[in-house]
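The next block holds one structure in the form of structure tokens; read it before the comments.
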Amino acid sequence: MKKINKPRNRNGCPWRFDLKMKLTTLFLLVALFQVNASTYSQSTKIDLNLNNVKLFDVLDEIESQTEFKFFVDTKEVDLERIVSIKVKRETISKILEKVFKGTNIDYKVLDKQIALKPGVKEGNVDQSSAQEIGLQQPTISGTVVDDTGTPLPGANIVEKGTTNGVTADFDGNFSMEVADVNAILVVSYIGFSTLEVPLDGKTNLSITLQESAAGLDEVVVVGYGTQKKINVIGSISQVSSKDIENRPVTQASQAITGQMPGVTVIQRSGRPGQSGGDISVRGVGSFGATPNALVLIDGIAGTLNDINPDDIESISVLKDASSAAIYGARSANGVILITTKSGSNKKFSVSYNSYVGFNEATELPEFANSWEYAEMYNIASGSNSFSTEDIEKYRAQNDLDNYPNTRFLEDLFSKNGIQTSHTLTVNGGDDKNKYYVSAGILDQQGIVPENSFNRYNFRMNLNNKLGEKFELNSRFFGALEERKEPQATANKGGDFLDQLVQNAVRYPAIFLGQDSQGNYGIGPESGGTPVAWLDSKSYLTNPTTKVGVNVKLDWKPNDDLVFSAIGGYNFTLYEERSYLASQRLNEDLFLGQSYLNQESNKTIFKTMQFTGEYSKEFGSHDFSLLAGYSFENEELSLFNGYRQDFASNDYTVMDLGSAENQQSGGYDEEWALQSFFSRLKYSLDQKYLFEATMRYDGSSRFPENNKYAFFPSAAVGWRISQEDFIQGVSWVSNLKVKASWGVLGNQNIGNYPYQTVLASGRDYSLGGGLATGAAYANYKDANIKWESTETTDIGIESGFFDGQLTFNATYFNRNTTDVLFEPSASVSSVLGVGISETNTGEVKNTGWEFDLGHRGNAGDFGYSINANFSVINNEVVTLGLGNVEQPNGFVGNGSDLFIGYPMQMYYGYKSDGVFLNDGEVDSWPDMSAVNPTAQAGDFRYKDISGPDGVPDGKVDPTYDRTYLGSRIPKYTFGANLGFNYKNFDLSVLLQGTAGVKGQLDGYAGYAFFNLGNIQTWQMDGRFDPNNPVRYPEYPRLEVLTNSGSANTETSDFWVIDSGYLRVKNIQLGYNFPNTLTDVIGVDSLRFYLGAENLHSFNSYRKGWDPEIIGGGAYYPILSTYTFGLNLKF
Amino acid sequence: MIKIYKKDSYNSRLLKLFLLGVLSLGTFVSCDKELEQFPSNAFAADNFWTSESNANIALTGAYRGAVEYGTQVVPSDWWTYCGIVFMEFATDNAYDRRGDNSTQNRLTNGTLLPNNNVVNGYWQGSYKRIAICNDFLENIEKVDMEQAKIDRMKAEVRFLRATQYFYLSQFWGAAPLVTSTLTPDEANNVGKVSKAELVSFVTDELEAATAALPSFGDLNASEIGRASKQAALAFLGRLYLGERNFSGASMVYKQIIDLGDNSIDPDYKSLFIPSNENSSENIFSAQYFGGQAGNSLPQHAYPAVASGWHIVNPLGSLADAYGFDDGTPLSYDDPKFDYEDMGANRDPRFRYNFIWDGATFAGRTYDCHPDSSGSVDQLTYSKQATRTGYGLRKFFDESFSGNLLSDYGGNIPIIRYAEVLLSYLEAELEAGNAITQELLDLTINAVRGRASVGLPPITETNAAALRPILRNERRIELALEGQRLWDIFRWGIGDEVLVGDFWGAPFPNSTLYPTTSKKLDPQSRWYVTSKNFREGVDDVWPIPESEVNVNPKLGN
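Which chain is which? The protein sequence lines are S and D, in order.
First residue of the first sequence? That's 6 in the numbering used here, and the numbers climb one at a time after it.
First residue of the second sequence? That's 2 in the numbering used here, and the numbers climb one at a time after it.
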């Protein structure tokens, strides 16, 4: 069929048009492509020599030779009519006159569009409006909106049974001619249920589309292209900008938490600029090579954390082998495709999104007061280190200079950090040239003074049609980021978390922060306290500059074939300057050391990719073949310098440090990947779907003989809902079963894993100076090869009641073999060196993913629910080299990897409360191999086994430790609830995990750990010999070194449930009614109140967010409360 | 068909051409070369063993062994300050301020377990240095250089490797004997060899090394820190002493004396600070270099008043082993004893090695009195300060000013000539040879009679009576140099000296002492800890639990 277009209606305000004109001049690049074609019809002359062909072919030939497009009403114009024409260098008017000689068909040339219609022949070219030429056909107009009244720009309106159609403009308005007043319009829009609207004689329509849960028309971003969701047979989850907008997340990975089944995001830190979290797709795929998902931003590898969330159009996660296989070498752990927004051919628009809010810690631990600490320390140490008088003086709090009660942690995390974000977007274009330009500013203040993260984002996405057959997509982007943190002073060294935060957790309240004279306390280690350090001139700045270009040129030699060339270049300059200052604490103590570390690391990533795709329909056979080549290369060069003994803390550039012991260092690294890939898609009758992918990858990280590997995959699908026998069942709107299989690769290891080297830097002082040394330090496997993951996936997709209810379920089985593992814990230290990656071991992830959607409305009230739930069973199948059979039957490395158990596991004792008195120790199985001096208040570890497989009367590490749980959540779930009523909207995102364990240890977990503090829960719940209970909340108080004690051995007392249900985000918005926005001259205006990480329900330790583990070098997860606005004009 | 010029056609054709070009480039000119990458900051093993300068780089790496710089409480190597000095925590010489749960304290207080990380640290450090040495020995012959230089380097590396097996044999007894680089599979399947086999291996290796190593006196300034004949002989002597081959030990020590390159330095204190650390008394030392290879002991052991962490706390038991400067043993009741200044009238080595309440350290007054609640060094069980009333002065140059963590370059002796002389006397005595005054003067009296110590000579020639005198002299002379635990093991006196209560300094006039000290003592000494050494258990270290986990053949 001839593709027939209709002129588009324009309906803009004059002043907006002016603004557009002004701004258009700014976008010179865009303007360059604009062609003034008013004289085109006069100047364009062509040759034609066609004999006995259909009129259709004549028009087609004209279209192919020129830029003209024909608009034809096929009911009036007989395109099958046979004609002949022979002209040489003739204008279009003359040609058309000849062609339609003797018919009643008239033509009008409007710009480059030519309308054909019956009428009085005039044969004139004029510049009048489209409407003027359609007088004899009914012209209808209308507006397309969603159920909240928001216009749906770009909605398609097609007259049923014809190809006559238009798209709605930016305000959702459209206008078109129809054949007759009783025509039926088919109105569709991505993500909404398609609606058929009978005109019934009306000429002005208000059409409301319901969001389609079934998403039958939804387009999903897949590898190297997009695909209609209904035809997708892989497992792909997608969230659109709607699901992440207005969230006060600084890093995009936080935005997808809880949104998609099978995608787990664990955020262990709220540290500004470093709070991205770990994303795992369908479990943790490897205990060797880094099991990170591949993140592609518009087809180019990148990270989620430097992109402005406002620029994201969609995030698509390819979870199964068949959908990810096109990225074979790097896709074993899933692929996250980010598509940034692009310009539209609609009305030019400017939008401004902004919020302001503040941060606070979700949870903070509570520590004992100084007098309580002193009392508890006396108990723990069995001494009177603090006399009764001293304790009373602490309690009195009237001599705080000498008997302070300093709240180190509360003081450190005391700030309500302000967070603001502004994004300004300009969007527009025409049919040929589109642009999207955005600039964003994010400023996040931490909850610690002098702690911030800010980011400036810029993006310009251009889309230009070059001639008829070429299309150029260019994306230019840049980000400037800077993280700032306070630090401890030079005598402490370390970084912000290690020293400043960890010591704020550690130092008890009895130490002076700052006295009334302004002197600082020297702390337990004579190096000051976090209070002093925060006031010091120490700092860390970490500016990062990223810029990139991503250009894609498509060439469509004909309708079936498209060739694309993609070039990408990303430049990252990571700089860090860490100055640790000298400081005066008091009259007696001046900490004189100071030093500066500065580094500058440059990364240049380059890629080029070429693809060709041929698609063709042969009757009921739909077929497409893609082939491509990709090359990726990254070069890193690192440089660092060190100077010490700065004369002044105010002048902290390298030049002003002492020349003594100045140091510098640097090196280069590089890796490259080369890949050939091909994909075949085939469908029969739109019912039976088939897809196969092959990829052949080579990596610089593997030795000559194992450089290349082949990764195949295949998938099949059956759209049952297309079958006749189900067409009659009206309440089933979609039903599809699908299955896929494939093998994917992983090479996320160090850059030089197989080359045997002597490690440099093993210098030693000989001859009175420092001599350069090198030593054998790592056992390398010279024959390593790709780690590969085989995934099988079976799923069902369904939609009911016109998509109002949807339900999907998927079962998957991922089996990773040849794990690229450094089995250091599995290798005896008799080897004497570290061990580099070798292909050993196997890990399996199996699980289920479910999602359920429902939407509905009652009058003005509308609601939607999208819930997802995943079960992931992670299991180590074998460690290969590390398979050491333990006497207790566990096979593994003896510490944290065992066959048949999940990775990231805890291995330790089961406890059964504590001894009530010393006498009980003798009646309990012999614990001397764990606790030779067991006493009242110590844990009773269970005797669970022995040499004969039964309890042997002895508790020992060999037989009585067992699996206690894993840090990998077994269950993850999320729910998006949306409500709207008139102009109000409310959204709630709930998210959680279950079947997961966590442990707080060190300063965060244990009282009096290495001169550390005591938390109130430990104090209140401690074992009290005078009132002994079997299951106290905390065992006997004791003074611990950093090696712990028998009671701090890993046990089920410390490894606790860290599952939670979190109110991740709540947003209440108000859309100003059009009557109001029209007055102030904007298109739409919305205000909202939001809260991120509002609350979590959990049974973790008091004062600690359930995602925090470890020993106190941490940054609390942040709650953010915001007020924001979205403005469009 | 005639082509018509359109506005875009020229551009289009150019673009087509370009696209075809790049497509064919991608397909036919693939980037295989880029897939060959090699590291820039390490020495590729294939072309490393080529030159003398590279051989020197590797030799330096063997001396470095498993040594790591910065503070450490778990030894990475026998020859770090932690590996040497902190081993004294397991003895009656010192106490780890971190308390009874400290894993050094636990080596001998009756709570040693196979997961003790200190035991594991020494174990791993040994095999790490052994692997480096094995790799060196397997490759050095490839280097094109003078055979004499190769032979010397080999001797040095065989010496370094043998010292590790010396330690393994003395602390664990039976252990794997690895003399070539292993594959992971091989490493996981090694078996233990008997102590006798280890001893025989060490003996052979040290004898071979002795033959090829230069004498101490022939080391030039650029070779400071490298192994000498004397160093190899001294380790051989230790091995013989440990194996109760006293006549063998005696012969070996006599060889060192006869070589005549080493002598007792008149200035005891200076042997442990940079100004005189290259004295000929220091036969072999752990080498430090301020800045990038600095000694962090100052940070760890300085008193709080000097911004240190005070981890080293000499026990009263050691302090009291230092008699008066007239050679008489210590007694609190003796009028020469001054509670206000415990250093008065004492063996000068007490003053060189320790600090005590009221002493001056680095220009500051050290105030550790239990009543001084305002002092950061107050003696309590809670502060990051002394737990005994004593602190460490040995090894410190008090004029040092710099970063305590990294800037101090003071060496720590591993073998001193004083040890050689005392060991020679011990070998003679235990071998049952007659003790002559001449022998006493050559050995113990040279050590205690040096100018800066000046104690009266020993004249006791009766072996049984001399033995305790010699052992005490050895203890106080070599205090905190990492010898005591091995001495206790080989003398078999753990059940005598490592059981019961341990005390610190006396504070008879303290008002807080009676309520603060956990236990009270008639002599008002501060209570520190109690030990419960298990003879026959704690004197043979367990193979680390993590090792047995992966190789059950190593089971204890």
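All residues carry an ideal CB built from backbone N, CA and C; glycine is no exception.
Same chain, Cβ closer than 6 Å to residue i, five either side skipped, listed in chain order
i, result
"residue 432 of chain D", "247, 248, 251"
"residue 86 of chain D", "481"
"residue 1116 of chain S", "1006, 1007, 1008, 1009"
"residue 567 of chain S", "559, 561, 618"
"residue 406 of chain D", "297, 300"
Per DSSP, cross-strand counterpart(s) of residue i
i, result
"residue 311 of chain D", "Paired residues: none, contrary to the question."
"residue 614 of chain S", "S:571, S:635"
"residue 354 of chain S", "S:432"
"residue 1129 of chain S", "S:360, S:1093"
"residue 854 of chain S", "S:815, S:875"
"residue 425 of chain S", "S:361, S:448"
Contacts around residue i, its chain only, beta-carbon distance under 7 Å, and the 5 residues preceding and following it disregarded
i, result
"residue 267 of chain D", "451, 452, 453"
"residue 140 of chain S", "Below a pLDDT of 50, predicted positions are generally treated as unreliable, and residue 140 of chain S, at 42, falls in that range; the measurement from the model is reported next regardless. Same-chain partners within the cutoff: there are none."
"residue 1133 of chain S", "354, 356, 1087, 1088, 1089"
"residue 779 of chain S", "763, 764, 765, 767"
Residue j beta carbon less than 8 Å from that of residue i
i, j, result
"residue 194 of chain S", "residue 244 of chain S", "no"
"residue 1098 of chain S", "residue 1089 of chain S", "no"
"residue 1020 of chain S", "residue 1059 of chain S", "no"
"residue 1160 of chain S", "residue 822 of chain S", "Shown here, chain S extends from 6 to 1134; a query on residue 1160 of chain S therefore has no answer."
"residue 231 of chain D", "residue 263 of chain D", "yes"
"residue 152 of chain S", "residue 867 of chain S", "yes"
"residue 510 of chain S", "residue 414 of chain S", "yes"
"residue 1091 of chain S", "residue 1074 of chain S", "yes"
"residue 806 of chain S", "residue 738 of chain S", "yes"
"residue 94 of chain D", "residue 315 of chain D", "yes"
"residue 458 of chain S", "residue 482 of chain S", "no"
"residue 443 of chain D", "residue 429 of chain D", "no"
"residue 436 of chain D", "residue 446 of chain D", "no"
Close Cβ partners of residue i (< 8 Å) along its chain, the five nearest in sequence each way excluded
i, result
"residue 347 of chain S", "318, 439, 441, 466, 468, 478"
"residue 262 of chain S", "270, 272, 282, 979, 996, 1069"
Distance between beta carbons of residue j and residue i, contact taken as under 8 Å
i, j, result
"residue 289 of chain S", "residue 752 of chain S", "Rounded, the Cβ-Cβ distance is 17 Å, inconsistent with contact."
"residue 519 of chain D", "residue 942 of chain S", "Between residue 942 of chain S and residue 519 of chain D the Cβ distance is about 18 Å, and since that is not below 8 Å, they are no contact."
"residue 539 of chain D", "residue 113 of chain D", "5 Å"
"residue 289 of chain D", "residue 126 of chain D", "Actually they do not touch by this definition, with Cβ atoms about 17 Å apart."
"residue 1052 of chain S", "residue 1035 of chain S", "Wrong, their Cβ atoms sit about 15 Å apart, outside the cutoff."
Output needed in chain order: residues of the stretch 36-50 of chain D with a Cβ under 9 Å from some Cβ in chain A.
Going by chain labels, chain A is absent from the structure shown, which instead holds the protein chains S and D.
Runs of 3 residues minimum, wholly inside the stretch 495-583 of chain S: which ones carry the beta strand (DSSP E) assignment?
544-563
Report the start-end ranges of each beta strand (DSSP E) in the stretch 1040-1079 of chain S that is 3 residues or longer and not cut off at the edges.
Those beta strand (DSSP E) runs which fall completely within the stretch 1040-1079 of chain S and span 3+ residues are 1065-1076.
Please specify which runs of the beta strand (DSSP E), each continuous and at least 3 residues long, are wholly inside the stretch 768-844 of chain S, giving them in chain order.
769-771, 774-776, 779-781, 792-805, 810-822
To test your reading of the DSSP string, which unbroken alpha helix (DSSP H) runs of 4 or more residues are found completely within the stretch 217-258 of chain D?
230-243
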